[in-house]
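Shown next, in structure tokens, is the structure this report addresses.
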Amino acid sequence: MSPKEFVSIVGHSGAGKTTLLKMIIAEDKPSEGQVFFESIDVHRIPRTKLPHYRRKIGTVFQDFKLLPNKTAYENIAFAMEANGRSDEEISENVPQALALVDLDDKAWNFPNELSGGEKQRVAIARAIVNQPDIIVADEPTGNLDPIATYEVVQILRKINDLGTTVIMTTHNKGVIDELGRRVITMNEGQIVRDDATGKYVL
Amino acid sequence: MSLASIFVITITLFVIGSTMFMDQLLATSLQTIQQKVDINVYFEPNAPQEEIEALKKSVEALPEVEHVTYTSREDALAKYREKNQNNEIALQALAELDENPLGADIAIQAKETSQYEGIARFIEEQREQDTAQAPVISKVTYNDNKESINTLTAIINAVERVSFITLVVLIIAAVLITFNTIRLAIYTAREEIAIMRLVGASNMFIRGPFMVQGVMYGLVGGIFALIILYPILTWLGPRTEAFFEFNLLTYFISNFSYIFLVLVGIGVVLGLVSSILAVARYLRV
Numbered sequence: 059m060s061p062k063e064f065v066s067i068v069g070h071s072g073a074g075k076t077t078l079l080k081m082i083i084a085e086d087k088p089s090e091g092q093v094f095f096e097s098i099d100v101h102r103i104p105r106t107k108l109p110h111y112r113r114k115i116g117t118v119f120q121d122f123k124l125l126p127n128k129t130a131y132e133n134i135a136f137a138m139e140a141n142g143r144s145d146e147e148i149s150e151n152v153p154q155a156l157a158l159v160d161l162d163d164k165a166w167n168f169p170n171e172l173s174g175g176e177k178q179r180v181a182i183a184r185a186i187v188n189q190p191d192i193i194v195a196d197e198p199t200g201n202l203d204p205i206a207t208y209e210v211v212q213i214l215r216k217i218n219d220l221g222t223t224v225i226m227t228t229h230n231k232g233v234i235d236e237l238g239r240r241v242i243t244m245n246e247g248q249i250v251r252d253d254a255t256g257k258y259v260l
Numbered sequence: 002m003s004l005a006s007i008f009v010i011t012i013t014l015f016v017i018g019s020t021m022f023m024d025q026l027l028a029t030s031l032q033t034i035q036q037k038v039d040i041n042v043y044f045e046p047n048a049p050q051e052e053i054e055a056l057k058k059s060v061e062a063l064p065e066v067e068h069v070t071y072t073s074r075e076d077a078l079a080k081y082r083e084k085n086q087n088n089e090i091a092l093q094a095l096a097e098l099d100e101n102p103l104g105a106d107i108a109i110q111a112k113e114t115s116q117y118e119g120i121a122r123f124i125e126e127q128r129e130q131d132t133a134q135a136p137v138i139s140k141v142t143y144n145d146n147k148e149s150i151n152t153l154t155a156i157i158n159a160v161e162r163v164s165f166i167t168l169v170v171l172i173i174a175a176v177l178i179t180f181n182t183i184r185l186a187i188y189t190a191r192e193e194i195a196i197m198r199l200v201g202a203s204n205m206f207i208r209g210p211f212m213v214q215g216v217m218y219g220l221v222g223g224i225f226a227l228i229i230l231y232p233i234l235t236w237l238g239p240r241t242e243a244f245f246e247f248n249l250l251t252y253f254i255s256n257f258s259y260i261f262l263v264l265v266g267i268g269v270v271l272g273l274v275s276s277i278l279a280v281a282r283y284l285r286v
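These protein sequence lines are chains E and C, in that order.
For what it's worth, the working numbering labels the leading residue of the first sequence as 59, then goes sequentially.
For what it's worth, the working numbering labels the leading residue of the second sequence as 2, then goes sequentially.
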């Protein structure tokens, strides 16, 4: 992939989309072949340096993966705290991230007080608050209604326009057609198509 | 769950503390008894003073002798009266006599308990020089307290052995229970931990809180152990003083910082080790 690309990965359930993403964040190892990030072999990175690597990648998941005991603001701030950022940096960057996803007024709500779409937006804000090079999103719209789906995809597109590479897996034909960007189709662990402008073909 | 952990640590530290006090008590008693060992030489009532002085000087000259205490005939009589002030018969018998029936005596203390044999022999030699007509030395008694010393030493050894075994068992129990408690905490927080890892938190950031948890258990256990020891020692203190001439309470108070450091220190180490083990085993990073 090239920098600033927006790539969608589609395929059946079980085609290997999630596994592919896991290999990018070094959560899983490939049986053959290698994963390179800016010419570093991701799976050669020593255990102790892995967190450092992971900080360069923002992650968004279908089930949001938010901490239930923290407010939206705190969830986003947590990503910065875990990276040892100072309180001043946090109080600067978190509101900006919230603004980007349009959630200024819900900053102090807990996840159980937010709708699905809002939760995913918090997750996205958390993913970008450390200004990573890449966003990896695994079925980000899987649990969302059509309107929320549209909103989330728009946000991802906005983030991509601002210069962050985005890799997204999805089932959703509408999203692909709407985006019109590069689509990689997978089937049974293999890549079977690679189209430069979105075509959802199964 | 954490209560169980704190409980076992407290008990372990309490036993360690008690052992420390018991050790101190027994050691001091042993020392006291050893100091009570002495040789007493009783002189004939009409032995000539120069002979008594000469003997006293020659004994003092011996290198093994730490101290010689001389009691004159008058002092000996006064002491006897005082000791028997409630004994009517003894006082009456004394009144019957015209003269002071008691002779002078010297109490000899050696520098080391093993040296008494040598001193005793020396005295015997002097005694042999006495003639039947003008005896100087009336009686020699050697209070070696051997029985007491041997008994006490045997007791000390037995106590050491029992304490050691008890402590080993307790320490293993404490570590196991704390280990399990932390492992449970790790399990309960597994979602949070997973998110922390995704977000790129460093290993120490994730591990830290659990190790702190272990340390806290140790700290609290130490403080509880001290809190429990205090009233017990307050109750025991005067009693041990009467029997052993050693007040446990004063020892506790005067050495408080040392005892505090040892108990709380061991507690913290126990907690830390347990949590490190649990983290190493169950927190795969």
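All C-beta atoms, glycine included, are put in the ideal place defined by N, C-alpha and C.
Buried or exposed for residue i, going by 16 or more other Cβ atoms inside 10 Å?
| i | result |
| --- | --- |
| TYR218/C | buried |
| THR222/E | buried |
| TYR259/C | exposed |
| VAL250/E | exposed |
| ILE166/C | exposed |
| SER203/C | buried |
| GLN189/E | exposed |
| TYR131/E | buried |
| ILE204/E | According to the sequence displayed, residue 204/E carries Pro and not Ile. That one is exposed. |
| ARG285/C | exposed |
| ASP163/E | exposed |
| SER115/C | exposed |
| PRO232/C | exposed |
| PHE261/C | exposed |
| PRO126/E | exposed |
| MET212/C | buried |
| SER149/E | exposed |
| PRO169/E | buried |
| THR13/C | buried |
| LYS123/E | buried |
Short check: CB of residue i to CB of residue j, under 8 Å?
| i | j | result |
| --- | --- | --- |
| SER59/C | PHE247/C | no |
| ASN146/C | VAL274/C | no |
| ALA279/C | VAL9/C | no |
| GLY209/C | PRO109/E | no |
| ASN133/E | ARG184/E | yes |
| ILE53/C | LEU264/C | no |
| VAL159/E | ILE182/E | yes |
| ASN230/E | GLN120/E | no |
| VAL118/E | ALA195/E | yes |
| GLU61/C | VAL69/C | yes |
| THR179/C | GLY223/C | no |
| ALA111/C | GLU67/C | yes |
| ILE225/E | ILE192/E | yes |
| ASP106/C | PHE44/C | yes |
| LEU250/C | LEU234/C | yes |
| ILE138/C | LEU63/C | no |
| VAL42/C | VAL160/C | no |
| VAL269/C | LEU220/C | yes |
| THR20/C | SER255/C | no |
Note down, in chain order, every chain E residue with its Cβ under 8 Å from the Cβ of residue i.
| i | result |
| --- | --- |
| PHE1/C | This structure leaves residue 1/C out entirely; chain C is present only between 2 and 286. |
| LEU199/C | ILE83, ARG112, THR117 and LYS123 |
| GLU193/C | LEU125 |
I want to verify the contact list: residues of chain E whose CB lies under 9 Å from the CB of residue i, in sequence order.
| i | result |
| --- | --- |
| GLY209/C | Within 9 Å Cβ-Cβ: nothing; GLY209/C doesn't reach chain E, min ~11 Å. |
How would you list, in chain order, the residues of chain C whose beta-carbon sits under 7 Å from the beta-carbon of residue i?
| i | result |
| --- | --- |
| PHE168/E | Ordered by position in chain C, no residue passes the 7 Å Cβ test against PHE168/E, which lies about 15 Å from the chain. |
| PRO198/E | Result: empty, since nearest Cβ-Cβ is about 14 Å, beyond 7 Å. |
In terms of DSSP beta bridges, what is residue i paired with?
| i | result |
| --- | --- |
| TYR43/C | ASP106/C and LYS140/C |
| GLY116/E | ILE193/E |
| GLY69/E | MET244/E |
| ALA111/C | VAL66/C |
| VAL224/E | PHE64/E and ILE193/E |
| ILE249/E | MET244/E |
Whose Cβ in chain E lies nearer than 7 Å to the Cβ of residue i?
| i | result |
| --- | --- |
| ILE196/C | LYS123 and LEU125 |
| PHE247/C | Here the premise fails: no neighbours, minimum Cβ distance about 55 Å. |
Strictly under 8 Å for the Cβ-Cβ distance: is residue i near chain B by that measure?
| i | result |
| --- | --- |
| ALA130/E | Looking at the structure shown, chain B is missing, and the protein chains on hand are E and C. |
I want to verify the contact list: residues of chain C whose CB lies under 9 Å from the CB of residue i, in sequence order.
| i | result |
| --- | --- |
| PHE305/E | Residue coverage of chain E in this structure runs from 59 to 260, which leaves residue 305/E outside it and unanswerable. |
| PRO104/E | Simply none; closest approach about 11 Å. |
How would you list, in chain order, the residues of chain C whose beta-carbon sits under 8 Å from the beta-carbon of residue i?
| i | result |
| --- | --- |
| ALA140/E | MET197, VAL200, GLY201, ALA202, SER203 and PHE206 |
State yes or no: is the C-beta of residue i nearer than 7 Å to some heavy atom of the ligand COA?
| i | result |
| --- | --- |
| ILE225/E | Looking for the ligand COA in the displayed structure turns up nothing, as the structure carries no ligands at all. |
The segment 20-40 of chain C touching the segment 89-101 of chain C, judged by at least three CB pairs closer than 8 Å: For the pair of segments examined, the segment 20-40 of chain C was found not to touch the segment 89-101 of chain C: the number of CB pairs separated by less than 8 Å stays below three.
Any 3 or more C-beta pairs closer than 8 Å across the segment 168-176 of chain C and the segment 102-111 of chain E: Verdict: no, contact absent.
Three or more C-beta pairs below 8 Å linking the segment 66-75 of chain E and the segment 234-242 of chain E: These segments touch.
Contact the segment 89-96 of chain E vs the segment 171-180 of chain E: 3+ CB pairs below 8 Å: With the cut-off at 8 Å, the segment 89-96 of chain E and the segment 171-180 of chain E do not touch.
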